[in-house]
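Structure record follows, encoded as structure tokens.
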Amino acid sequence: MMPMTAPDVGIYPRRRPKVSYGASAVVTGAGSGIGRAFAQTLAARGGRVVCADIDVGRAQETVDIIGGGKAHAVPCDVTSYEQVGELARVATSWLRQPADLVINNAGIGTGGLPVGAMSMSDWEGTLAINLWGVIHGCQVFTPLLREQRFGGIINVASAASFAAAPLMAAYNVSKAGVLALSETLSAELSGSGIKVTVLCPTFVKTNIVNDGRISGSASGLAASMMKYTGVSPERIARGTLDAHDRGRFYVVPQLDAKLVWHLKRHIPNPYRWGAGLIGRLMPTPVDAKELLGADVR
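Taking this note's numbering, the leading residue of the sequence shown gets 5, the next gets one more, and so forth.
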């Protein structure tokens, strides 16, 4: 697929002090959770939003909630570069201009098995959605934003990108890739008029556990943490958009994520020892024991 160029639609974005107000936006994974909250918040701030999701029915629910002709649902599997390219074309047509804010949010939660026990299909599926989906979004939309010399990209990573929690290898790797991609993109777009922000939350009250591929006791633990310590996706969306408007790159919104962030950087060896202790204390699922042998804890 050839790199996209901005179609000549006769209207280009007016430069605004705050990108998130009056935005012409594209949000992937907009059918629920953080993606839906981003779409609702952008619409409430006077924007128009293309809501993309692999489940177009969910995306349409988001559009119906927003109402007022401010949003449009588009089916999109972000693992397909071609579909993300088509999303850009549809968005440009509906918005009557290229998007000036792109939020690469689509993702899947995986975990519960150690390296060697997790299936290759789960590895590949996790990386395809969480990492390649963001790569596709950046690859397609960055040239369009460069032509406008204005706008923003928000990539949704996770505190897992730096926490290195046990039994979450594929998810950790995928989100670490998003973080590295975002850091590189920020450097490349410096001085271009395009802001880049990477969001690294911990537990947010969404359907990621139910919709994901989290095995064994890890699923129950994640659900409990989300219930008792998670914050609302609306709060995350508002805070991230405000931070993006201020030009912040890293958004680490919750106290537990901030703590891990600082521990990992200031005392890396003790942090690694602590992560190892947690790994030794966590029960290994029965199916992993069968795959790896009786010597597995």
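The C-beta atom is built at its ideal place from N, Cα and C for all residues, glycine as well.
Skipping 5 residues on each side, what residues in its chain have a beta carbon closer than 8 Å to that of residue i?
| i | result |
| --- | --- |
| LYS74 | ALA47, GLY51, ARG52, VAL53 |
| ILE240 | ILE38, ALA41, LEU203, PRO205, VAL208, PRO257 |
| SER84 | HIS140 |
On the three-state DSSP scale, how would you describe residue i?
| i | result |
| --- | --- |
| ILE112 | coil |
| ARG284 | helix |
| CYS55 | strand |
| SER186 | helix |
| PRO21 | coil |
| LEU203 | strand |
| LEU117 | coil |
| GLY251 | coil |
| SER28 | strand |
| VAL82 | coil |
| ILE158 | strand |
| ILE240 | helix |
| VAL235 | strand |
| LEU91 | helix |
| LEU245 | helix |
| VAL256 | coil |
| LEU105 | strand |
When the Cα atoms are used, what is the spatial distance from residue i to residue j?
| i | j | result |
| --- | --- | --- |
| MET122 | LEU99 | 42 Å |
| TYR324 | GLY113 | The shown model of the chain, from 5 to 301, leaves out residue 324, and the question about it has no answer. |
| SER124 | THR130 | Checking the sequence shown, residue 124 turns out to be Met, not Ser. Roughly 10 Å separates the two Cα atoms. |
| ASN159 | ARG284 | 32 Å |
| CYS204 | SER97 | 32 Å |
| VAL94 | ILE282 | 47 Å |
| GLY251 | SER194 | 11 Å |
| GLN87 | ALA163 | 28 Å |
| ALA261 | TYR254 | 12 Å |
| TRP127 | GLY141 | 20 Å |
| ALA167 | VAL119 | 16 Å |
For the beta strand (DSSP E) containing residue i, list its first residue and its last residue.
| i | result |
| --- | --- |
| LYS74 | Run containing LYS74: none; DSSP gives neither H nor E here. |
| ALA167 | Looking at the DSSP string, ALA167 is not in any beta strand (DSSP E); the run it does join, the alpha helix (DSSP H), is 164-167. |
| ILE38 | It is not in any beta strand (DSSP E) - ILE38 instead sits in the alpha helix (DSSP H) that spans 37-48. |
What residue range does the alpha helix (DSSP H) around residue i cover?
| i | result |
| --- | --- |
| GLY137 | 137-152 |
| GLY129 | 124-131 |
| GLY195 | Unbroken run through GLY195: none, as it is neither H nor E. |
| ALA261 | 259-270 |
Kindly list the residues whose CB is nearer than 7 Å to the CB of residue i, restricted to its own chain and excluding five residues on each side of it in sequence; keep chain order.
| i | result |
| --- | --- |
| ASP59 | GLY35 |
| VAL138 | ASN108, ASN159, VAL182, LEU185 |
| VAL82 | THR32, VAL88, ALA110, ILE133, GLY137, HIS140, GLY141 |
| HIS266 | none |
| PRO272 | none |
| LEU135 | SER178, GLY181, VAL182 |
Answer yes or no: does any C-beta atom of chain D fall closer than 9 Å to that of residue i?
| i | result |
| --- | --- |
| ALA92 | Judged by its chain identifiers, the structure shown contains no chain D, having just a single protein chain. |
Grab me the residues of residue i's own chain with a C-beta within less than 6 Å of its C-beta, minus the 5 sequence neighbours each way, in chain order.
| i | result |
| --- | --- |
| HIS76 | VAL54, TRP98 |
| GLY224 | Bear in mind that a pLDDT of 49 at GLY224, under 50, signals an unreliable position, so the number given afterwards is only what the model happens to contain. Nothing listed; no residue qualifies. |
| ALA180 | SER165 |
If you pair each beta-carbon of the stretch 141-156 with each one of the stretch 58-73, do three or more pairs fall below 8 Å? Inter-segment contact for the stretch 141-156 and the stretch 58-73 is absent: fewer than three beta-carbon pairs are separated by less than 8 Å.
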